[in-house]
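Chains as they are written, first to last, in full-length UniProt numbering: chain G, 1 to 337; chain U, 1 to 337; chain R, 1 to 337; chain H, 1 to 337.
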């Protein structure tokens, strides 16, 4: 790795944006955040001063600036597509937190723009692919020591959701992580999705949130995935991925480093939240993105992956509304992906 | 417990019948097998001689005999109903291995006959209810420390099935255990059942066996159960029961007593077959049945439970054939149950 | 097994004696308690009435009675030797809860008396040998799949001890179980024992109890055993046995049948007390003792094992008092053992 | 963190030196290796060319160079002290892989030199203090939720040792990690050490290696540590640290991210070697060292810790030779530590 440092501009500095500035400036080798833009001018200028960053008056200005080599988009979902397209226009690498855009048509706009440039410029923030457990699982599947994958049982559980969290978000914001990582894990595409609503948790939900929810996904090769989403499980941030193969079951373990025996129980800790569960995955994701950008070779989740996720989550929320299995189909995939 | 010993007559002495004779005579306090009948006369006479039992010329003769106080039916499935009805006719307690009968109408015949007697005489061999793990789970659910049950993920895996094992058996012979034990665990009834067929294991199956299979069961109170049946999983006899509640997940652990660290792996044993997995459950089942009979108070799975299991398994196999969710309904439940 | 029932007389009906009466009469096939003696006449007569037993006026009378085929001694430790010798005198099988006698000389008296009869009549209550985990460990060691055993780390932990529990009891009453079961597990004898006193738990102890304590045992073949005794660990009844072999580590797992995820922890239960931890082991111990007596072939822990345990525990308490390693040697072993 | 990068010079580029160059240049934020020296001139010049480093003709030249801000010593053990002293002389920060020096007198020379400078310049490579598990354990101990620590059982196991590995190395090279990390964990000092030799593993050892070995360490506050060292355990790189406290046991878990069920066993992976087990700990160690140097505030293991480790390992090897417990005492501790 050369001494050259990638100069990153960040658009949107809410909680996750701030987290990523810290990550890049303190832990990511070969990159440095140099500029920032957010609609909240005053606060953002303070932040800029604190980290020694340039404050830009707009996302467009930041993207266009010669002082910025690569863009990180952590602004509100509705603005993602516009900024990504602008970055592509300027031939700049851009890392966009999920979702790539708020609907699949907008995602496909990006795909067309990027494909027209003839090379990948966009990476979408599906950090699960960089988690040690999922990477190990992928190696195990690829080794074929357990035979073909036949079915999966997965769970995505949060201790609690905020008040503004409503039913479709269980799929669009939460299940989307599994929807992406399982495609990658299986190297397979979905053909249908169905939402099933079990008995509702009533202690921590409201009239617009039916929680938990189950998605049944079917892939081209016939693999069935049963995915539980439960955003008010109360007991911890708990991610399951159990893969049933022809001659064995393999799966994720919630990583833990200590145990305690106390009060008649042998206890191992469960992560309290996604930040602690996937901190290393985020670190790896950014390090590899920076390495990829510096080498001109992006290998992470692409616009295409962002588009597919959007198609599937849309179908999923449709099934929640009207019930039954929804078949899904994708538009043409350009050759750069 | 008095010194009086229950004198048991056994009809049908295949593998499981022989196992139960051994169990009763060696490990069940308060009971003794005294008589036996099986269609294979010669072999059965040898067995009778070995254990000092009387050989009867027919099931009817055995049931009618004054030397026999209680009947154990372990003959082929098709003969169950007839013998159970005969035992009821003679006012004798009868333990019938599952299924109670080969269809739900026959089960209901038994219910009517038993109800006419005004008391329970029949117990069906659903031994899971006597497994330490399930009993502990039931206590945990009943304690309500985890809140309401919302959904379950269960698996019933056998290392391999015989050549005559065909698709409907996955439900009728295998899933039937979960179908019964989960009703008991949840104290709830099923309203629908759907079969989903994932990618087929091709190494150990044949054209008439689609393995694995998934059943999705819904209960009256809205609990959703996802039940995987996989009878050629190769790696062991593996039973899962994971119960997601409002503020916690609880579940079965495959009991094991030792571990080994060897070859870069920390290993705990998985049961090789149902006999080793549920040996204690069978012992407890028979001891409590004998105790119940001696006290005139049967508390185990009843004819009604046998009937319900039949209704649900029938609906399940129908769903496998024609696809989609099948609603189920039950006939009237007599007051003795 | 014939229909003949072993008629057992019980001497001493404190907590454990009552437990064994229940065990034999409710769960042990082929045996029945018929008579009882205890120094507390009134209470014992009530108990006798409750279970339909004959009350004897003395242990001697009970032992001598023709109505009693086998003796179970659960009286206070000081009386064990006398009753065991009396039973031997009457050529009756006798099961004696540990210790066989209160010192090794008295144990050796029993050995001489029994050896003079030319056959084993005595079994000592070391129930650990009948625990599933230890039995499985023994098979694993005997298989030699892990190579020679080199060293062990064991722990014997109780949640709390009574007020009368004093330092030497940690060895005489508590560690004695490991001292016996490890000899059996390794088929090896001890050559030395040393007691080490770590930092004292001060919350639940008193001036005459130094708790925890560590015993370092060395065997003839050079195996080193580090045994922790901690009778006020508070968190549960926790038994460890980790066996380091030439190419693997094997060990006991505290058996559990369920798990729970709650409050940011994955939890599995720890036994609250020895009764729940070793209930099955006691059941198996008595069933096999009865089977052995009925077949005239005792295979459980013998007087010799009781004697050896006494020699080692004596040396252990000596080391606690004066510090340092104590070499141990045994008297001659008669050929019947 | 400023944009300023610490310029590191590395002395000694064997396996671990190369590993650290990679680590610093690819993963450590705020530092860059700029120069290198090793006795193997040709190979080292190639390495220097590959990474764009300056090759120095001697360790002294490298240390003296104005282009080098901080020194990393990964040369052979015998040369450590000399280079560390030279770095102190030049008022430069120096990171020295363990051991600080080959005997405690030499360690104390360093302490005197460093103390004379009035501030800490030296950090010793005890990376265990940066392992997630140990850090979590320390927090648990410090929380005092489990009461005082009473005793520990630890194991340090390697799958196999090289041919040149001889008995004292089990303490000097292997146990030294526990000797340091446990002092830190307990914030306590050792008063005695004793070596016990269990049955020898004969399959992979030779006449000059008695493996395994047990160290019994006692601390000032009375805590007893039983530490097993087994460098040919064959089954994996397996680190145990079980801490028995007044009302609970806490301990390390070998971190793993996946499981597999196959061949009648539930399996979780064991690390194959220390590199994979402690990779993150090394990364954290270097990142925090660099942060500390840039902030002028070293908080890692100091010369004093290196000296104490040397005193204890020396006493340990003495006990292996002549048997029995060796009391240890330390020279005066300068105020900078």
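Using N, Cα and C, we set each Cβ at its ideal position, and we do this for glycine too.
Neighbourhood of residue i by C-beta distance below 7 Å, restricted to the same chain and skipping five residues each side
i	result
residue 140/G	146 and 250
residue 334/R	111 and 115
Residue i at chain H interface by Cβ criterion, 9 Å
i	result
residue 203/U	no
residue 255/G	yes
residue 244/R	yes
residue 238/U	yes
residue 280/G	yes
residue 140/R	no
Opening and closing residue of the alpha helix (DSSP H) in which residue i lies
i	result
residue 101/R	Counting along the chain, residue 101/R falls outside any alpha helix (DSSP H), and DSSP gives it neither H nor E.
residue 283/R	274 to 295
residue 20/R	15 to 27
residue 141/U	132 to 143
residue 180/H	176 to 186
residue 129/U	Run containing residue 129/U: none; DSSP gives neither H nor E here.
residue 320/R	303 to 322
residue 7/H	Premise fails: residue 7/H lies in the beta strand (DSSP E), 6 to 11, not in any alpha helix (DSSP H).
residue 80/H	80 to 89
Interface flag, residue i vs chain G, CB-CB below 9 Å
i	result
residue 320/R	no
residue 199/U	yes
residue 233/U	yes
residue 137/H	yes
residue 267/R	yes
residue 352/U	Since the displayed chain U opens at 1 and closes at 337, residue 352/U lies outside it and no answer follows.
C-beta neighbour in chain U for residue i, strict 9 Å
i	result
residue 145/R	yes
residue 1/H	With a pLDDT of 43 at residue 1/H, under the threshold of 50, the predicted position of this residue should be treated as unreliable, though the coordinate-derived value follows. Judged by the 9 Å Cβ criterion, residue 1/H is not in contact with chain U.
residue 27/R	yes
residue 131/R	yes
residue 226/G	yes
residue 259/R	yes
Integer-rounded CB distance, given that residue j should sit under 8 Å from residue i
i	j	result
residue 300/G	residue 285/G	7 Å
residue 320/G	residue 171/G	7 Å
residue 191/R	residue 228/R	Actually they do not touch by this definition, with Cβ atoms about 21 Å apart.
residue 8/G	residue 24/G	6 Å
residue 310/R	residue 168/R	About 13 Å; that fails the 8 Å criterion.
Sequence-distant residues of the same chain with beta carbon closer than 8 Å to residue i, five excluded per side
i	result
residue 1/R	With a pLDDT of 43 at residue 1/R, under the threshold of 50, the modelled position of that residue is not reliable, and no figure is offered here.
residue 259/U	266, 267 and 268
residue 137/G	185, 241, 243, 250, 251 and 252
residue 68/G	7, 8, 9, 34, 35, 62 and 92
Cutoff 6 Å; reference residue i; Cβ partners in own chain excluding five residues on either side
i	result
residue 59/R	11, 37 and 83
residue 66/G	none
Proximity test, Cβ basis, 9 Å: residue i and chain R
i	result
residue 33/H	no
For residue i, the first and last residue of its enclosing beta strand (DSSP E)
i	result
residue 195/U	190 to 196
Heavy atom of the ligand NAD within 8 Å of residue i beta-carbon
i	result
residue 50/H	What this structure holds is no ligand at all, so the ligand NAD is not there to describe.
At a cut of 8 Å, does the segment 230 to 246 of chain U reach the segment 198 to 218 of chain H through at least three beta carbon pairs? no
Q. Counting pairs of beta carbons, one from the segment 121 to 132 of chain R and one from the segment 84 to 103 of chain R, are three or more of them closer than 8 Å?
A. yes
Query raised in the report: With a cut-off of 8 Å, do at least 3 Cβ pairs link the segment 18 to 36 of chain G to the segment 47 to 62 of chain G?
Result: yes
Report task. Could you say if the segment 11 to 29 of chain R and the segment 67 to 81 of chain R meet the contact criterion of at least three C-beta pairs nearer than 8 Å? Result -> Contact holds: three or more Cβ-Cβ distances are below 8 Å.
* To do: Evaluate the contact criterion for the segment 149 to 160 of chain R versus the segment 275 to 282 of chain R: three or more CB pairs, one atom per stretch, below 8 Å.
  => Taking 8 Å as the limit for Cβ pairs, the verdict is that the segment 275 to 282 of chain R does not touch the segment 149 to 160 of chain R.
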